Amino acid sequence: MQIHVLDENIRLVPGEEEHATWLQDVGEGKNFTADGVDIETPADMYMETENEVIQWMYTSEVICSPNLMGNMALLTVRNCDAIELNEMVLNMTPGDV
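Each position in the sequence shown, counted from 1, maps to that position plus 854 in our numbering.
#1: I'd like the ranges of any alpha helix (DSSP H) spanning at least 4 consecutive residues and lying wholly in the segment 889-928.
#2: Hey, quick one: how far does the alpha helix (DSSP H) through G883 stretch, first residue to last?
#3: Using a Cβ-based criterion (distance less than 8 Å to any ligand heavy atom), does C918 qualify as near the ligand NAD?
#4: Spatial neighbours of N885 within its chain, please: CB distance less than 8 Å, with the 5 preceding and 5 following residues excluded, ordered by chain position.
#5: Contact defined as beta carbons within less than 8 Å: I believe L939 pairs with E904. What is the distance between those atoms, to the nearest angstrom?
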């Protein structure tokens, strides 16, 4: 039997201490909104629209490379959202799909 000791937080990237603190607070339930339903998320950690997410993920380099596109996925909770997002991405691709 071997014992392995975790002596370094490998999830914490140097310079990302603020994010690590926020993540810790989420885990401890410290940063909910006043109604206790939603988590307060810093503005630099989310995008306002689905289109912003798609533009960020599917750059022109990705759109032109079937191999890169085949290794990516947008995950959603509801199938109807997945269908809508897939349509948006497909409309960005050149040629017939």
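Ideal Cβ positions, reconstructed from N, Cα and C, are used throughout, including at glycine.
Just so you know, these numbers come straight off a predicted model, no measurement behind them.
Let me lay it out:
#1: 904-911, 914-917, 920-924
#2: Here G883 belongs to no alpha helix (DSSP H), and DSSP marks it neither H nor E.
#3: Judged by which ligands are present, the structure shown has none, so any question about the ligand NAD falls away.
#4: W876, D879, I893, E894
#5: 6 Å
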